[in-house]
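Protein chains in written order, with our numbering: chain A, 3 to 135; chain B, 10 to 560.
Glycine included, each C-beta is placed from N, C-alpha and C at the ideal position.
Because the structure is a prediction, the values reported are computed rather than measured.
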């Protein structure tokens, strides 16, 4: 039986409209053969969880440049857990101070990609990590 | 022997070299895909006519600059975009920037203010005082400008969907300080079309947005004559991934839409056009950027005179603020970002900018620290005061290469504008996602060029090495949100709530009519109505806009 395609939700929590990175990554993942759903900008954490559940995704990638990551990401992580989606691979990117990274890993975010990361690295990472689970 | 034509030189002198040594790249092109020849010579500018293409500085079509002597009179305004935390925090930063020699202020508002939510709104969680200062009521503005007399500074406010509200607050603050509206200097961005295309902080659908924009243009023309009523912005379009040509094309197409809307509202073009200003990006491809600024000036001058029949020369002047390209900053080896900003600042000053923001090296990680901002300001001061660069107007003018590129960019942008005209104008283009799609394609192409090594980013895809972490990053005070909500609650308690209610009801009535909204917004802000209350009132009447095209 052919293995199902990796399903990825690219999400934009927070109020910022900087969607260049999210869109470029969404397209790169799609070109790499994944099923990609992109939420559009200004999504609440609750809406992101609901979409992740509804679309039954394997991966959630969150892009945020507003600085609200430490407030909004825990709500997403908690929501995924409560909906029985704790095994979702969650990664993040955007404008994120290095000092915040340990706290983000603590809450279960597996990788944080900083500005300048090639999309090929992200594709490779998602393939490897989703295969491992 | 000396060649008598480029063709002959190519054959006799260049070709033998190319046979022996290959060049660094198969072909050379700018970020807009303009292919570059080895060298530019007079015959590349065969149709070139000095008087009509360039002219003298301070004269139509202003290719060489909007002032006759440019920076010999006064340097560009050093204007660093700043705002974070509470009004007190930002007020302290402004005073420091003014003490450092900055000559104009540029207010960054936090996202809830930009999208019309108060700090206690559920959607504001985690956003209060981030990316900008939290402003909920006139009280916050009073603190933001404490000890800064409004008749002594010029203030640029990056505010769009809620621009009319913040402008009303600034005018009200002026009244409190005893500075009448006619003496206020500054800018509101007030450019919602580019928010639909790129920046994302729109609230209402395009039609009511255009009405609010026109209200501001009209109100300023009559009451705040030194105020720049719109800052037509290519900056965010470029940041979203457009090419240089698209940046100019989409920006000027938005400008055309605003001018047309104001004319349709009954204004004479020369009564408001001199107060339209622009905001452009300075990216990393140096000569393309210099040429872009020059092409933008010439193209706008022609549009204003030929399309709109402007008589006043000032209506034809494209005056602009520049910011270096935030998107060119990378997290890897972050000190290199200082050099990127310096090159981009150089392009902006050689391109004749009126004011400039240089990005800070730590911005791939966070809002810049004070130390990083100081280096950004010093970068401009080295260019302005040490290098001799500002001593002659348009120093690259007349370079065969620069003039060739200027022509090419102008032509490319004109072609795009014609396509947008065919679609029915900028708003129609946005509604069907034309500009957004063009930008997405360009941004993806650029990213792929980086990944394929066709576009080098030092420290990212070439010369990769370890780097040390940035010290002294700006940290947010977690108390900001609590403090701000407390102040908001206090203002709400102290104000005359019956007066607020009346003012908001009046605003709703005005919004439903075709009266100008500014006077009723002034009544609201002076009654200490909140940004959220005023925006909600307008949302009731105007409705809200969903994202046009996402992916």
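Point to revise | C-beta neighbour in chain A for residue 454(B), strict 8 Å | key: For this step, residue 454(B) is matched to residue 445 along the second chain. The beta carbon of residue 454(B) does not come within 8 Å of any beta carbon belonging to chain A, so the residue lies off that interface.
Review point. Just reading off the alpha helix (DSSP H) that residue 425(B) is part of, what are its end residues?
Key: Position 416 of the second chain, counted from the first residue, corresponds to residue 425(B). 409-432 is the extent of the alpha helix (DSSP H) around residue 425(B).
Exercise for review: Would you verify that the beta carbon of residue 97(A) is, or is not, closer than 8 Å to some beta carbon of chain B?
Suggested key: Position 95 of the first chain, counted from the first residue, corresponds to residue 97(A). Under the 8 Å criterion on CB atoms, residue 97(A) is classed as interfacial with respect to chain B.
Exercise for review: Could you please tell me which residues of the region 106-129 of chain A, in chain order, have their CB closer than 7 Å to any CB of chain B?
Suggested key: 116, 117, 118, 120, 121, 122
Point to revise | chain A residues whose Cβ lies nearer than 8 Å to that of residue 376(B) | key: What you label residue 376(B) is simply residue 367 of the second chain in a count that begins at 1. Those within 8 Å of residue 376(B) in chain A are 69.
Review point. If residue 293(B) sits next to residue 353(B), beta carbons under 8 Å apart, how far is it from one beta carbon to the other, in whole angstroms?
Key: Translated into the one-based positions of the second chain, residue 293(B) becomes position 284. Translated into the one-based positions of the second chain, residue 353(B) becomes position 344. Residue 293(B) to residue 353(B), Cβ: 7 Å. Contact.
Point to revise | Contact list for residue 469(B) against chain A, beta-carbon separation under 7 Å | key: Taking the second chain and counting its residues from 1, the one referred to as residue 469(B) is at position 460. 118, listed in chain order.
Review point. Is it buried or exposed for residue 167(B), if we count other Cβ within 10 angstroms and need 16 for buried?
Key: Mapped onto the second chain, residue 167(B) falls at position 158. Result: buried.
Check your understanding: For the region 439-454 of chain B, which residues have a beta carbon sitting closer than 9 Å to at least one beta carbon of chain A?
Key -> 448, 449, 452, 453
Review point. How is the alpha helix (DSSP H) around residue 81(A) delimited, first residue to last?
Key: What you label residue 81(A) is simply residue 79 of the first chain in a count that begins at 1. That run of the alpha helix (DSSP H) goes 71-84.
Check your understanding: What residues in its chain sit with their C-beta under 6 Å from that of residue 146(B), if we drop five residues either side in the sequence?
Key -> One-based indexing of the second chain puts residue 146(B) at position 137. Beyond the five residues adjoining it in sequence on each side, residue 146(B) comes within less than 6 Å, by CB distance, of 500, 537, 539 in the same chain, given in chain order.
Review point. How would you call residue 344(B), buried or exposed, if buried means at least 16 neighbouring beta carbons within 10 angstroms?
Key: Indexing the second chain from 1 puts residue 344(B) at position 335. So residue 344(B) ends up on the exposed side.
Exercise for review: Determine contact between the region 407-414 of chain B and the region 274-293 of chain B, defined as no fewer than three beta-carbon pairs at a distance below 8 Å.
Suggested key: no
Point to revise | CB contact check: residue 17(A) to chain B, cutoff 8 Å | key: For the purposes of this step, residue 17(A) is taken as residue 15 along the first chain, with counting starting at 1. For residue 17(A), the answer is yes, since a Cβ of chain B falls inside 8 Å of its Cβ.
**Study point:** Buried/exposed call for residue 487(B), threshold 16 Cβ in 10 Å
**Key:** Here the question's residue 487(B) lines up with position 478 in the second chain. Exposed is the call here.
Practice item. Please state if the CB of residue 286(B) and the CB of residue 232(B) are separated by a distance shorter than 8 Å. Key: As a position in the second chain, residue 232(B) is number 223, starting the count at 1. As a position in the second chain, residue 286(B) is number 277, starting the count at 1. Not a contact, by the Cβ cut-off of 8 Å.
**Study point:** Secondary structure of residue 182(B), DSSP reduced to three states
**Key:** Stepping through the second chain from its first residue, residue 182(B) is reached at position 173. The answer is helix: DSSP assigns residue 182(B) an H, G or I state.
Exercise for review: Spatial neighbours of residue 312(B) within its chain, please: CB distance less than 7 Å, with the 5 preceding and 5 following residues excluded, ordered by chain position.
Suggested key: Stepping through the second chain from its first residue, residue 312(B) is reached at position 303. Excluding sequence positions up to five before and after residue 312(B), its CB lies within less than 7 Å of the CB of 261, 265, all in the same chain and listed in chain order.
Review point. Using a C-beta cutoff of 8 Å, does residue 547(B) count as contacting chain A?
Key: On the second chain, position 538 is the one that residue 547(B) refers to. Residue 547(B) does not count as touching chain A.
Review point. Excluding the five sequence neighbours on either side, which residues of its own chain have a C-beta within less than 7 Å of the C-beta of residue 423(B), listed in chain order?
Key: Taking the first residue of the second chain as 1, we reach residue 423(B) at position 414. Contacts found: 308.
Exercise for review: Compare the beta carbon distance of residue 419(B) and residue 360(B) with 8 Å and say whether it is the shorter of the two.
Suggested key: To locate residue 419(B), count along the second chain from 1; it is residue 410. To locate residue 360(B), count along the second chain from 1; it is residue 351. For residue 419(B) and residue 360(B), no; Cβs fall outside 8 Å.
Check your understanding: Is residue 263(B) helix, strand or coil when you go by DSSP?
Key -> In the second chain, counting from the first residue as 1, residue 263(B) sits at position 254. Looking at residue 263(B) - three-state DSSP - the assignment turns out to be helix.
Point to revise | Neighbouring residues, chain B, relative to residue 29(A) (Cβ below 7 Å) | key: Locating residue 29(A) in the first chain gives position 27, where the first residue counts as 1. By Cβ distance, chain B contributes 453.
Point to revise | Buried or exposed (CB count within 10 angstroms, at least 16 for buried), residue 489(B) | key: As a first step, residue 489(B) is located in the second chain; it is residue number 480 there, counting from the start. Residue 489(B) is buried by the Cβ-count criterion.
Review point. How long is the line joining the alpha carbons of residue 37(B) and residue 82(B), rounded to whole angstroms?
Key: If you number the second chain from 1, residue 37(B) lands on position 28. If you number the second chain from 1, residue 82(B) lands on position 73. Computed Cα separation, rounded: 38 Å.
Review point. From what residue to what residue does the alpha helix (DSSP H) around residue 245(B) run?
Key: Locating residue 245(B) in the second chain gives position 236, where the first residue counts as 1. Note, residue 245(B): alpha helix (DSSP H), 244-248.
Check your understanding: If residue 378(B) sits next to residue 483(B), beta carbons under 8 Å apart, how far is it from one beta carbon to the other, in whole angstroms?
Key -> Along the second chain, one-based indexing puts residue 378(B) at 369. Along the second chain, one-based indexing puts residue 483(B) at 474. Contact holds; Cβ gap of about 4 Å.
Point to revise | Cut-off 6 Å between Cβ atoms - residues of its own chain near residue 464(B), not counting five sequence neighbours on either side | key: Position 455 of the second chain holds residue 464(B). Cβ within range, chain order: 458.
Exercise for review: Take the Cβ of residue 27(B) as the centre, count every other Cβ of all protein chains shown within 10 Å, and call the residue buried at 16 or more, exposed below.
Suggested key: In the second chain, counting from the first residue as 1, residue 27(B) sits at position 18. Residue 27(B) comes out exposed.
Exercise for review: Please determine, among 110(B), 101(B), 180(B), the residue with the shortest C-alpha to C-alpha distance to residue 567(B).
Suggested key: No answer is possible for residue 567(B): the residues shown for chain B start at 10 and end at 560.
Check your understanding: So the beta strand (DSSP E) residue 146(B) belongs to, where does it begin and stop?
Key -> Locating residue 146(B) in the second chain gives position 137, where the first residue counts as 1. No beta strand (DSSP E) holds residue 146(B); DSSP gives it neither H nor E.
Review point. Going along chain A in order, which residues have a C-beta closer than 7 Å to the C-beta of residue 139(B)?
Key: Against the second chain, residue 139(B) aligns to sequence position 130. Ordered by position in chain A, the residues that pass the 7 Å Cβ test against residue 139(B) are 68, 69, 70.
Check your understanding: Just checking my contact of residue 73(B) with residue 393(B) at CB under 8 Å: how many whole Å lie between their CB atoms?
Key -> Position 64 of the second chain, counted from the start, is the residue given in the question as residue 73(B). Position 384 of the second chain, counted from the start, is the residue given in the question as residue 393(B). The Cβ separation is near 19 Å, so there is no contact.
Check your understanding: Would you report the Cα separation of residue 450(B) and residue 40(A), rounded to the nearest angstrom?
Key -> In the second chain, counting from the first residue as 1, residue 450(B) sits at position 441. In the first chain, counting from the first residue as 1, residue 40(A) sits at position 38. Taking C-alpha positions only, residue 450(B) is separated from residue 40(A) by approximately 16 Å.
**Study point:** Whole-Å CB distance - residue 373(B) paired with residue 116(A), under 8 Å assumed
**Key:** Within the second chain, the letter at position 364 stands for residue 373(B). Within the first chain, the letter at position 114 stands for residue 116(A). Right, their Cβ atoms sit about 7 Å apart.
**Study point:** Beta-carbon proximity check, residue 551(B) vs residue 295(B), cutoff 8 Å
**Key:** In the second chain, the residue the question calls residue 551(B) occupies position 542. In the second chain, the residue the question calls residue 295(B) occupies position 286. Contact: no.
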